[in-house]
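Participant: In this note's numbering, the protein residues as written are 295 to 491. We put the beta carbon where it would ideally sit given N, CA and C, even for glycine. Could you have a look at this structure, given as structure tokens, before my questions?
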């Protein structure tokens, strides 16, 4: 079984369509499944992530399976381009300044970057840290680390904006960004499944 986490339905839709996932009625949160995949939609922000993942992990043991978070992020103009995909190797929390290192022993031939989880969207280019920003990655790491450990957690982020008001992003744009990267995501998943066998 391959586990995928997204925050937004628009991030999930291209994955749901590509793998033919069906909504499961056996959950208090959006959960899509087939014989090979389980996809959870947590909602935006730390509290939603913590609640959904804790509920899910109470009922499901995912040991020996990779967990992949797929979502959008803000990036600095000049450091990355919109639509660029990164495999995250370090996740920091803007509030606490704590961080998790996700140095997978496999690079999967993807470019690495770090990400900082913030409490509200950055829209004024006023982010002083390194790398990308999002609103969930740190909480995902924290929760998965407490429940399962981080050795099989992968975080994929696609740059959706340059942290400025000029690029307010719609649900359709989010879907388009994820859909464009489905071949890369699918290759990663196939590579992971070889490791799990």
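Return the CA-CA distance between residue 356 and residue 442, expressed in angstroms with no decimal places.
Facilitator: The alpha-carbon atoms of residue 356 and residue 442 are separated by roughly 8 Å.
Participant: If we count the other Cβ atoms within 10 Å of its Cβ and call it buried at 16 or more, is residue 352 buried or exposed?
Facilitator: With fewer than 16 Cβ atoms within 10 Å of its Cβ, residue 352 is classed as exposed.
Participant: Determine the direct distance from the alpha carbon of residue 300 to that of residue 382, and round the result to whole angstroms.
Facilitator: The straight-line gap from Cα to Cα measures roughly 15 Å.
Participant: Let me make sure I understand the geometry here. Which of 484, 481, 472, 479 has the alpha-carbon closest to that of residue 307?
Facilitator: Comparing Cα positions, the closest option is 472.
Participant: Can you tell me which residues form a DSSP beta bridge with residue 363?
Facilitator: Answer is 299, 449.
Participant: Once the 5 residues before and after residue 424 are set aside, which same chain residues still bring their CB inside 8 Å of it?
Facilitator: Once the five neighbours on either side are set aside, the close Cβ partners of residue 424 are 408, 410.
Participant: Counting C-beta neighbours from all protein chains within 10 Å, is the total for residue 418 16 or more, i.e. buried, or is it exposed?
Facilitator: Looking at its Cβ environment, which holds fewer than 16 other Cβ atoms inside 10 Å, residue 418 is exposed.
Participant: Since residue 434 is in the alpha helix (DSSP H), which residue starts that stretch and which ends it?
Facilitator: Here the alpha helix (DSSP H) through residue 434 covers 431–441.
Participant: Provide the residue(s) that pair with residue 379 in DSSP beta bridges, ordered along the chain.
Facilitator: DSSP lists 452 as partners of residue 379.
Participant: Exposed or buried, which one is residue 474 when buried takes at least 16 other CB atoms within 10 Å?
Facilitator: Residue 474 is exposed by the Cβ-count criterion.
Participant: According to DSSP, what are the bridge partners of residue 269?
Facilitator: Only positions 295 to 491 of the chain appear in the structure, and residue 269 is not among them; the question remains open.
Participant: Below 8 Å on the Cβ atoms is my contact criterion, and I expect residue 328 with residue 317 to pass it. Report the Cβ-Cβ distance as a whole number of Å.
Facilitator: No, residue 328 and residue 317 are not in contact; Cβ-Cβ is about 11 Å, not under 8 Å.
Participant: Which one of 477, 430, 346 has the shortest CA to CA distance from residue 367?
Facilitator: Considering only alpha carbons, the answer is 430.
Participant: Once DSSP output is grouped into helix, strand and coil, what is the label at residue 409?
Facilitator: Strand.
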